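Read through the structure below, which is laid out as structure tokens, and then see the notes.
Numbering (our numbering), first residue to last: 120 to 304.
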């Protein structure tokens, strides 16, 4: 260790009372890499969604609803990585537009079930071809095989991390991470 680093460490210890932890460069942190990749992908979809008067979150909810007949709102929040209060607002907005239907569960009237409506399916059928075209351009640019490998690796990472201490059940978890094998967009 060089003399300058030792002086910096001693000065930091004098100010904070502890040794400074060395972190990897911010741009090389896994969360930031994943966020940058997500933004790079989503920037290609946003104009299409805006054209159809949909937010990313609304589209995510509609897409998730195409995979089930009906789903409880808590499960929908979990499947779409949305906080329950945000999902409530999104479902309310989609319901006002006639894109989803909400009803009480037969077994427990306090629980709400959400399903996609006929009009919601029409929106899906309208937006999906554009979405698939964009997805195809991304696959062409990155490579279909590499994209499939990336998705497999991300899924393996997700499964691997669910067994680590401090995972989805840790305090501060937002909507919670879906369990392995759960539905994804």
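The beta-carbon is built from N, C-alpha and C at its ideal position, and this holds for glycine as well.
Bear in mind the structure is a predicted one, so any value in this text is a computation, not a measurement.
Burial of residue 239 is indicated by the presence of at least 16 other C-beta atoms within 10 angstroms of its C-beta.
Nearest in C-alpha terms to residue 164, of all of 150, 205, 255, 228, is 255. Burial is judged here by how many other beta carbons sit within 10 angstroms of a residue's own beta carbon; residue 195 has at least 16 and is buried. The criterion of a C-beta distance shorter than 7 Å is satisfied by residue 190 and residue 233.
The alpha carbon of residue 166 has as its nearest neighbour, out of 283, 198, 250, the alpha carbon of 250. DSSP places residue 263 inside the alpha helix (DSSP H), whose first and last residues are 263-281.
Here residue 236 is near residue 218, since their CB atoms are less than 7 Å apart. Here the C-alpha atom of residue 145 lies approximately 36 Å from the C-alpha atom of residue 210.
Sorting 199, 284, 260, 177 by C-alpha distance to the C-alpha of residue 159 places 260 at the top. By the Cβ rule, the segment 171-186 does not count as touching the segment 274-281, because fewer than three pairs are nearer than 8 Å. A straight line joining the alpha-carbon of residue 269 with that of residue 223 spans about 40 Å.
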